[in-house]
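Peer 1: Here the protein sequences come in this chain order: A and B. Taken in order, the first sequence gives residues 1 to 115; the numbers are from the working numbering. Taken in order, the second sequence gives residues 1001 to 1117; the numbers are from the working numbering. C-beta atoms are modelled at their ideal positions from N, C-alpha and C, and glycine is treated no differently. In this text, all values refer to a predicted model and were calculated from it rather than measured experimentally. Once you've had a glance at the structure underneath, I'll fire off some questions.
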Amino acid sequence: GDSVTQMEGPVTLSEEAFLTINCTYTATGYPSLFWYVQYPGEGLQLLLKATKADDKGSNKGFEATYRKETTSFHLEKGSVQVSDSAVYFCALSGSSGGSNYKLTFGKGTLLTVNP
Amino acid sequence: DTEVTQTPKHLVMGMTNKKSLKCEQHMGHRAMYWYKQKAKKPPELMFVYSYEKLSINESVPSRFSPECPNSSLLNLHLHALQPEDSALYLCASSQDPGLAGASGELFFGEGSRLTVL
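See below:
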């Protein structure tokens, strides 16, 4: 079945540091890939997405590229801010082996950015 | 309007109570979802409604009873819950994922934090 593996952290960085959160997946076919962010006490928000190989999703300075050859979708940001402190979830849907209605989530990575 | 609205935001109930969680969206989405999220864990899918019909039930205990009165509303009726059911309950909606060009993106509400005493 489908699975998503992401570095669990926690990750602690200083403001303006470079961020990478690794995400790899196992799925058949051509799933869509997502990064969701959950700020403390809130629901999940879509951060960025990519629906086909080599697509780059970007939003709020975050980027991730859909790499089919390495089955990866790593999240990067060049300069993090305190306000980026949150839990980040990598997820996929729409693989040919799974239901289009099911999002498969990674376990989440807690990011804390210190001033 | 790109919001999914959930009420109440917080709910405390005893094990013998009956309560309901409510969810509303006005994005024209025809798929709606209930997820359960425990602390420091990813959300777990409970139910999916597609075109107001129950499409997926992830073997959820019958003390949770979903209802989809129309294409904009989704309820979760709660009865005889256990303390271990305490969690954040998230509602989400999406386009029909079977439609051409649909990305599978889910729009989540802020959640209802449930405490069962």
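Is any beta-carbon of chain A found at less than 8 Å from that of Pro1042/B?
Peer 2: Interface residue (Cβ-Cβ distance to chain A less than 8 Å): Pro1042/B is classified as such.
Peer 1: At 3 residues or longer, and completely inside the segment 1022 to 1066 of chain B: list those beta strand (DSSP E) runs for me, N to C.
Peer 2: 1031 to 1037, 1044 to 1050, 1053 to 1057
Peer 1: What is the DSSP secondary structure of Glu1003/B, counted as helix, strand or coil?
Peer 2: coil
Peer 1: Any beta-carbon of chain B closer than 8 Å to the one on Lys49/A?
Peer 2: yes
Peer 1: Can you pull the chain B residues whose beta carbon is under 9 Å from the beta carbon of Phe89/A, in chain order?
Peer 2: Here the neighbours are Pro1042, Pro1043.
Peer 1: When you compare the CB positions of Glu15/A and Gln81/A, do they come within less than 8 Å of one another, or not?
Peer 2: yes
Peer 1: Measuring CB atoms only, is the segment 1064 to 1079 of chain B touching the segment 1018 to 1033 of chain B, in the sense that at least three cross pairs come out at less than 8 Å?
Peer 2: yes
Peer 1: Taking the straight line between their C-alpha atoms, what separation do you get for Trp1034/B and Ser1072/B?
Peer 2: 14 Å
Peer 1: Residues of chain A with CB under 8 Å from Ser1055/B, in chain order?
Peer 2: Tyr101
Peer 1: Kindly indicate the opening and closing residues of the beta strand (DSSP E) around Tyr88/A.
Peer 2: 86 to 93
Peer 1: Using three-state DSSP, classify Val80/A as helix, strand or coil.
Peer 2: coil
Peer 1: So, is Glu1004/B buried or exposed, given that buried needs 16 or more other C-beta atoms within 10 angstroms?
Peer 2: In the sequence as displayed, the identity of residue 1004/B is Val instead of Glu. Burial call: buried.
Peer 1: Give the residues from the segment 1082 to 1106 of chain B that approach chain A closer than 7 Å (Cβ to any Cβ), ordered along the chain.
Peer 2: Leu1090, Pro1097, Gly1098, Ser1103, Gly1104, Glu1105, Leu1106
Peer 1: Mind listing the chain B neighbours of Glu42/A? Cutoff is C-beta to C-beta under 8 Å, in chain order.
Peer 2: Glu1110, Gly1111
Peer 1: Grab the span of the beta strand (DSSP E) containing His1010/B for me, first residue to last.
Peer 2: 1010 to 1013
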